[in-house]
Amino acid sequence: MQTIYDYTLKQLEEMLGEMGQKPYRAKQLYTWLYRKRVQSFDEMTDLPAALIAQLKEKYVIMPVRLIEKQVAKDLTAKYLFELEDGMTIETVLMHFNFGESVCVSSQVGCNMGCTFCASGLLKKQRNLTAGELTGQIMYIQKELDAEEKRVDNVVVMGTGEPFDNFDHVMDFCAVINSDHGLAIGARHITISTCGIVPKIREFAARHLQYNLAISLHAPTDELRSRLMPINRAYPLDELMGALKDYSTDNHRRLTFEYILLKGVNDTDDHARTLAGLIRGMNAYVNLIPYNEVDENGYHKTDAKGALHFYDVLMKNGVKATLRTTHGDDIDAACGQLRAKHERSVSR
Ligand code: SAH
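Numbering-wise (my numbering), the sequence shown opens with residue 227 and increments by one.
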């Protein structure tokens, strides 16, 4: 059954309108769903009984069911959820000094085929609906309610390519951003893409305030095409062109993600070429320690090498941050927990 979390407020007004209801019912429903966070329609005491009966017939509320939860020493938690059709996805909760951050998956599996990533081990089965994205947040928010905490930040950086599921991801962002719902500020929502240029342009044209992050990982077409097949479709000059337009038109700072892979993309030369690509843009580079994935042959650059790479970038006029690893004593790399689970089920 479909989840009621699928609807933006506007879509809910239309849907309820078609059912002969007044538009204000949508806001009432939103309050129950996202402020009071109830898990049954029967609790929505200010809605007419007939409407409750109709909603119950067509919709569920929570679309995810917990199968497994791993908690790391630093309290990073990884959730393996099952969806209505039995497929599984992963979600991660991280505790930062700037708040509780949730990393959601946007697809079941992924077709982008980045060679270093565990998500691609399982090909895309399907897109998640907006409600299945929202369900990941709501499940965790309900847990946090017990501690009187809230989901402060959301990153669409789990399994899947958000711009390969554009409409549902946009609806999801509208749901969690709505003032009548969770009201997570647009600047606290980050979408990370591997670089699907037409979708970056479509995103730019909407003038939304969500943050955009780009998985770059290599400063030349030759290397990037080897690591990330998407680069063959949208090479660096097209990608950087679209990003410059977005950043200038929207007055937004971009984040470039760069995982450091030992001996692959982490030399002084790479750092200088990367700086040349980004210098002058309103952007910074987030250097990410690589989470090693079994059997793919890539290794992480050691801490000293990472710091050196950071220095070379800074000396060449590009701002950078060195991210620390979270939850590295659990299966925290994108897709690792799920890949393990699917292997154990199919065995
Ligand atoms: N498809 C989107 C979002 C999902 S991947 C994108 O490409 O941005 C989220 C980020 O995690 C990307 O930057 C991705 O390259 C990175 N990533 C993938 N596997 C990783 C690993 N094993 N260790 C560290 N980062 C990884």
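Positions of the beta carbon are idealized from the N, C-alpha and C atoms, including for glycine. Keep in mind the model is a prediction, meaning the values are calculated, not measured.
Within the model, the alpha-carbon separation for L255 versus L370 is close to 22 Å. Secondary structure note for C420: it is in no alpha helix (DSSP H), with a DSSP letter that is neither H nor E.
In the assembly as shown, G243 is an exposed residue. Its beta-carbon has fewer than 16 other beta-carbons within 10 Å. In this structure, N512 keeps its C-beta atom at 8 Å or more from the C-beta atom of S473. A straight line joining the alpha-carbon of I485 with that of G361 spans about 29 Å. The beta carbon of L449 is closer than 7 Å to those of N491 in its chain, skipping five residues each way along the sequence.
As DSSP reads the structure, K282 sits in no beta bridge. By the criterion of a C-beta distance shorter than 6 Å, K375 is surrounded in its chain by E326, once the five residues flanking it on both sides are discounted. The beta carbon of Q280 lies closer than 8 Å to those of M245 in the same chain, with the five residues before and after it left out.
Contact check for A444 against S418 fails: the beta carbons are separated by 8 Å or more. Around the C-beta of D232, 16 or more other C-beta atoms lie within 10 Å, and the residue is accordingly described as buried. For N337, there is no enclosing alpha helix (DSSP H), as DSSP gives it neither H nor E. If you ignore the 5 residues before and after L309, its C-beta comes within less than 7 Å of the C-beta of P289, V290, I315, E358, all in its own chain and listed in chain order.
When C-alpha distances from A412 are compared across H433, E428, P424, C420, the shortest belongs to H433.
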